[in-house]
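Residue numbers (the numbering used here): 41 to 197.
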């Protein structure tokens, strides 16, 4: 069964430079749609020269799109890493990330709350669609596994 989620082409911008190596730190972002309706927004921050550091990802759900109530927005923070067992992502406390400084993303619930409400599963679905539809340095940064075959990483396809 295919996903009903779609992402618009990502907008990528350089937002600074790595303090260690001087390479560009970048953010890419885009809207997420379900059945053609705006579901949310994804933002990812990474330094291409450091795939071992992974990607910090924010998925803002609810409160987006025509007629939606912006006060319903909730941000799920994800961390993409590559470990000895391969690439994957996990939910982290949004309040403890740089995304906490972005009020447009909405309320920043704890990791436990996101796991308990099912929002984490929704965010994993978004992250998989983003990875599967993102090319070049962004894909390498989200899964530095030297594999050319994109695969769902977070349990949602």
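The C-beta atom is built at its ideal place from N, Cα and C for all residues, glycine as well.
| message | Within 10 Å of its beta-carbon, does residue 54 have 16 or more other beta-carbons around it, so buried, or fewer, so exposed? | response | exposed
| said: Let me make sure I understand the geometry here. Which of 79, 92 and 135 has the alpha-carbon closest to that of residue 113? | reply: 79
| beta strand (DSSP E) runs wholly inside the segment 117-151, at least 3 long, in chain order | 126-132
| task | Tell me whether the beta-carbon of residue 116 lies closer than 9 Å to the beta-carbon of residue 154. | result | yes
| Using DSSP with H/G/I as helix, E/B as strand and the rest coil, what is residue 108? | coil
| said: In the DSSP output, what is residue 69 paired with across the bridge? | reply: 51 and 83
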